[in-house]
Amino acid sequence: MSYRCSHCGYQSVKWFGKCPNCGEWDTLVAAADEKREDRSWIGEEVLPISRIDLGDVKRLQCGIGEVDRLLGGGLVPGGVILFGGEPGIGKSTLLLQIAQGFAERYGHVLYVSGEESAAQIKLRASRLDVSSDHLYILSEQSLHRITAAVEKINPNLLIIDSIQTTLSEDVPGEAGSVRQMRESSAELTRLTKGRKMATFLVGHIT
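Residue numbers for the sequence shown follow my numbering, so the first one is 20 and each next one is one higher.
Shown next, in the form of structure tokens:
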């Protein structure tokens, strides 16, 4: 039997009332209590690399030359890109410009912010001259509601700003904790692969 802290992910063979790692109380739960169902997205057969056909793989370009080159010629449907950097360096601004270019070329884009309201995003977009009927804005932290929005809008590109503010109701712990970020990232990856869209996950480095 082992125990895992639902706040920081610390593991121990001994139970503690207070987590030795993060100092939170009553957060150690038996690992046996965690969900064990198979939620993997992989359903393809195992193949030698020489037999994998790339004929149907099409890279999707946003129209910003430096970004497209950095991504090897564009985004791949089903691909997840971790977009990291220090807070305030312009990640959200650049992603709005990417979203605009993508929406103009390929249709629906869903931009999800867990930090700003829709009005705040609109103000920044106006300064950048970003506007499109295919660019949807959602101010939300709940992973369940984000998933519902994806199923409703069916975007070709999903932007999550940021993974630290995304909260899965299926696991305990606060948004930004190790366990929450791990679960949210895994679920968003499964969603991306299953719907053949592309996804940017913003990660703040502090």
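Note that the Cβ used here is the ideal one computed from N, Cα and C, for glycine as well.
Quiz item: In its own chain, which residues sit with a C-beta less than 6 Å from the C-beta of Arg55, not counting the 5 before and 5 after it?
Solution: Residue placement at Arg55 cannot be trusted, given a pLDDT of 46 that sits under 50; what the coordinates show is reported in the next sentence. There are no such residues.
Practice problem: Give me the Cα-Cα distance between Gly82 and Gln30, rounded to the nearest whole angstrom. | Solution: Their backbone Cα atoms lie some 45 Å apart in a straight line.
Quiz item: Which residue comes first and which comes last in the beta strand (DSSP E) that contains Leu154?
Solution: Where Leu154 is concerned, the enclosing beta strand (DSSP E) stretches over Leu154 to Ser158.
Quiz item: Tell me which same chain residues have a C-beta within less than 6 Å of the C-beta of Val221, skipping the five on either side of it?
Solution: Same-chain partners within the cutoff: Phe102, Lys110, Asp180 and Ser181.
Quiz prompt | Alpha-carbon spacing of Ser69 relative to Arg146, whole angstroms | solution = Taking the straight line from one Cα to the other gives about 48 Å.
Self-check item: Any chain C beta carbon closer than 8 Å to Glu206
Solution: Here chain C cannot be found, since the structure has a single protein chain.
Quiz item: Can you name the start and end residues of the alpha helix (DSSP H) that Arg198 belongs to?
Solution: Segment Val197 to Arg214, the alpha helix (DSSP H) holding Arg198.
Quiz item: To the nearest angstrom, how far is it from the Cα of Cys24 to the Cα of Met200?
Solution: Cys24 and Met200 have their alpha carbons spaced roughly 14 Å apart.
Quiz item: Within 10 angstroms of its Cβ, does His163 collect 16 or more other Cβ (buried), or is it exposed?
Solution: His163 comes out exposed.
Self-check item: Counterpart residues of Thr5 in DSSP-defined beta bridges
Solution: Given a span of 20 to 225 for the chain in the structure shown, any question on residue 5 remains unanswerable.
Quiz item: On the three-state DSSP scale, how would you describe Ser161?
Solution: Ser161 falls in the strand class under three-state DSSP.
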